[in-house]
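Step one of this worksheet: look at the structure below.
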Amino acid sequence: MSALPLAALEGAFAVSLNAYLYLAAVLFAIGFFGVLLRKNTLVIYMCLELMLVACTVALVAFSRYNGVLDGNVFVFFILTVAAAEVAVGLAIIVALFRRRQTVQVEELNVLKN
Amino acid sequence: MTIEQLQAAAASNTWSTIAPEIGLGVLALLLLVLEIVFPKKKHALIPTIAIIGQLGILLGLLINFSPAYLGSTSFNSLLQHSETGQYLRAFFLVCSILVSLLGVVALAKQRMPRIEFFHIVMVVTGAMMLLAQSANFLLLFVALETVTVGFYILVSYTRTNPLSLEAGLKYLVTGALSSALLLFGIVLLYGVAGNPAALGSTDNPMGYFGVRQFLAANPGDFLASVGIVLTLAGVAFKIGAVPFQIWIPDVYQGAPTPVTAFLAVASKTAGFAVLLGLVYVFQPYETLVVTTLSIMAGATILFGNLAALTQHNVKRLLGLSGVSHAGYLLLGVIATLSVPDAAGAVWFYLFAYLLASFAVFGVMTHVAGPNDAEQDLDHYADFAKKRPYLAGVLAIGLGSLAGIPPLAGFMGKLLVFMAAFKAGLYPLLAIAVVGVVISIYYYFGWMKAAYFSTWRPPLPEGEPEPAVPASTPVSFPMGLALGALAAASVVFGLYQGPFAAWLLSR
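See below:
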């Protein structure tokens, strides 16, 4: 694959690869700590999606700067997987809410030592 | 990419190489069609068709065990075909058949739709078979997610039982978290390996071989190191290694018993298949990999055994003891970096683990009442008198899990520990031996509950006897399968012969 005309773009808006990676890392960290710290199952679920989006950002940036397309193709697979996960996950959350009338993690603690 | 390259890529799509997986997929869809076509009265036939169909696929795989495509890659090097891959295909199919057998027994106790269970089990099995042969991070991620999403549904399958749903939610959150960690690791490796300016950059940064080549040319790259640690953490979640084992006891307890067996054996084996592939890819960063895995292995063995000591629920007990088994297996994985036959030892250990685990879970499925999550050691009081056959199978299974000679579990532990000894992992070996000694206490506690009556304090006036669910009678095929598992545990303990020799030469 021929090199992309990045040099021409750099003068117009100089966003380096590192900037994208920092953004992805920050998004990933927000998602990760959100999963660990938040109490509402739905918010936890959104944080999980945020982590996948962070991966997507990094993937597209790498793909662009390395001049190969397979990273962009990978994004479609990630989106599909995320959609499947959401479909199953929300079904479980709804079924659980109908049994227990709550989605707060601190009240979902019947299984324990 | 030129036209010639695209043509070469298209020509490498040899569909016949994944015939067993396609067969499983077709069979899974056929079951759903049959459910619509058959009248309600004949629905009991469908699980039988599922099991016979899977036996047919297994037979076809064993007859054609060394096809011409072995040793080559297909689908533009997404898949790498090897004898180990063939062995794992057969391994997962055996798991799937046994889970289907257990599923028939367990689902009869619930008022639940039946057919979808077998459908999802087969789809998950097909994905695991692809996972074991993957040579590309893209396929690795997609196959692993197919397995994981399938397991979300299976774990929460008893949707009338809040415990099963709670287990499903816990598995969902931890599973999705681990997938995201794995994915971020893959993305970082892909990004650094594909950088055209870097030394040893590759035109296939998603392939295992390309990444290995890059890592060998760039020792000590920061982003690559972060990627390696994240990827290993994501896989550690799947095999349940400390510090990523938090989900294990809850999910094992809440899931229906056949699914617990599936998670314990097949999911763990799939995790180790992935881990062995990754350890090979990450070999240029040996110090980092060995340090990470050694810390995990030691902590896993100690935590699993100590936490299992106090458990009264047998499903939690098996879950935590499974954590310690993952620790012993990690020793074998670390040893593969320096000892060539260590991978074979890991496969033999997992085979012995399959025989013993399914024997124990088979007995548990028969003992369980309608509430699958509540299975206490107390339910096994006078078990040997009431059900001598099942008690015998249970004793052999537990003995093999504990590693008592002359059972297969002992040989598995011996082979793995010997490999670790040859690799010079002496401190970890010491921890492992201590772990094995601790494990004998809780496995024999369970046997004691089944074989010897224990004194219990008299109940206060007017309090009813705690109810013990009536155990189900054993059907002929199930009895045959359990007997075969127990017999195989004994036979492979006494004589490993060409089977172990073949595995160790992998």
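Sequence order for the protein chains is A and B. One gets the working numbering by counting positions in the first sequence from 1 and adding 5 to each. One gets the working numbering by counting positions in the second sequence from 1 and adding 1367 to each. Backbone N, C-alpha and C fix where the C-beta goes; we use that ideal spot for every residue, glycine too.
Cβ shell of L26/A (< 8 Å), same chain only, five flanking positions each side left out
The sequence position of residue 26/A within the first sequence is 21, counting from 1. Excluding residues within five positions, the ones whose Cβ falls inside 8 Å are A63, A66.
For chain A, is any of its Cβ atoms less than 8 Å away from the one on M1573/B?
Taking the second sequence and counting its residues from 1, one reaches residue 1573/B at position 206. At least one chain A Cβ lies under 8 Å of M1573/B.
If you measure from the beta carbon of R69/A to each beta carbon in chain B, is any gap under 8 Å?
The count along the first sequence starts at 1 and reaches residue 69/A at position 64. Chain B, which has no Cβ nearer than 8 Å to the Cβ of R69/A, makes this no.
Strictly under 8 Å for the Cβ-Cβ distance: is V73/A near chain B by that measure?
Taking the first residue of the first sequence as 1, we reach residue 73/A at position 68. Closer than 8 Å to some Cβ of chain B, the Cβ of V73/A qualifies, so yes.
Collapsed DSSP secondary structure at S1545/B in the structure displayed:
To locate residue 1545/B, count along the second sequence from 1; it is residue 178. S1545/B falls in the helix class under three-state DSSP.
Exposed unless 16 or more other CB atoms sit within 10 angstroms - verdict on S1383/B
Position 16 of the second sequence holds residue 1383/B. Exposed, since its Cβ has fewer than 16 Cβ neighbours within 10 Å.
Would A63/A count as contacting chain B if we go by Cβ distances under 8 Å?
In the first sequence, the residue the question calls residue 63/A occupies position 58. Yes, A63/A lies at the interface with chain B (some Cβ there is under 8 Å from its Cβ).
In chain order, each alpha helix (DSSP H) run of at least 4 residues that lies wholly inside the segment 1383-1414 of chain B:
1386-1404
DSSP beta-bridge partners of L1446/B
Position 79 of the second sequence, counted from the start, is the residue given in the question as residue 1446/B. Per DSSP, S1441/B, S1501/B.
Is there at least one Cβ from chain E nearer than 8 Å to G1535/B's Cβ?
Judged by its chain identifiers, the structure shown contains no chain E, and its protein chains are A and B.
Where does G1689/B sit, in a helix, a strand or coil, going by DSSP?
Counting from one through the second sequence, the residue named residue 1689/B turns up at place 322. Looking at G1689/B - three-state DSSP - the assignment turns out to be helix.
Short Cβ contact (8 Å threshold) for V1648/B with Y1756/B:
Within the second sequence, the letter at position 281 stands for residue 1648/B. Within the second sequence, the letter at position 389 stands for residue 1756/B. Not closer than 8 Å, so no.
Give every residue of the same chain whose Cβ lies closer than 6 Å to the Cβ of L1539/B, excluding the five residues on either side of it in the sequence, and list them in chain order.
Numbered from 1 along the second sequence, position 172 holds the residue referred to as residue 1539/B. Correct list, in chain order: Y1519.
Classification of V1804/B by the beta-carbon crowding that lies within 10 angstroms, buried from 16 upward
Numbered from 1 along the second sequence, position 437 holds the residue referred to as residue 1804/B. That one is exposed.
Buried or exposed (CB count within 10 angstroms, at least 16 for buried), D1745/B:
Numbered from its first residue, the second sequence carries residue 1745/B at position 378. When all chains shown are included, D1745/B counts as exposed.
Environment of R103/A [buried if 16+ CB atoms lie within 10 Å]:
On the first sequence, residue 103/A is found 98 positions in, with the first residue counted as 1. R103/A is exposed by the Cβ-count criterion.
Give the DSSP-derived three-state secondary structure of Q1580/B in the structure shown.
Taking the second sequence and counting its residues from 1, one reaches residue 1580/B at position 213. Residue state, collapsed to three classes: helix.
Can you tell me whether E1343/B is buried or exposed? The criterion is at least 16 other CB atoms within 10 Å of its CB, across all chains shown.
Lying outside 1368 to 1873, the shown extent of chain B, residue 1343/B is not represented and no answer is given.
Given that M56/A touches chain B, what residues does it touch there, using C-beta distances under 7 Å?
As a first step, residue 56/A must be located in the first sequence, where it is residue number 51. Per Cβ cutoff of 7 Å: A1547.
Using a Cβ-Cβ cutoff of less than 8 Å, which residues in the same chain neighbour L1437/B once the five nearest sequence positions on both sides are dropped?
Mapped onto the second sequence, residue 1437/B falls at position 70. Contacts found: H1448, S1449, E1450, Q1453.
Identify whether D1570/B lies in helix, strand or coil by the three-state DSSP scheme.
As a working note, residue 1570/B is residue 203 in the second sequence. Three-state DSSP puts D1570/B in coil, outside helix and strand.
S21/A, buried or exposed, once every other Cβ within 10 Å from all chains shown has been counted against 16
As a first step, residue 21/A must be located in the first sequence, where it is residue number 16. Exposed is the call here.
Given this structure, state the Cα-to-Cα distance separating S7/A from A1502/B, to the nearest angstrom.
Here residue 7/A corresponds to residue number 2 of the first sequence, with the count starting at 1. Here residue 1502/B corresponds to residue number 135 of the second sequence, with the count starting at 1. Since pLDDT at S7/A reaches only 48, below the 50 mark, its modelled position is unreliable, and the value read off the structure follows with that caveat. Using only the alpha carbons, I get a separation of about 27 Å.
6 Å CB neighbourhood of G1689/B in its chain, flanking five on each side removed
The count along the second sequence starts at 1 and reaches residue 1689/B at position 322. Closer than 6 Å at Cβ, skipping near neighbours: A1631.
Give the DSSP-derived three-state secondary structure of Q1742/B in the structure shown.
One-based indexing of the second sequence puts residue 1742/B at position 375. Coil.
Name, in chain order, the residues that DSSP records as bridge partners for N1680/B.
By 1-based counting over the second sequence, the position of residue 1680/B is 313. Per DSSP, D1743/B.
Buried or exposed by the 16-neighbour rule on C-beta atoms within 10 Å, applied to G1423/B
The count along the second sequence starts at 1 and reaches residue 1423/B at position 56. It is exposed - the Cβ of G1423/B has fewer than 16 other Cβ atoms within 10 Å.
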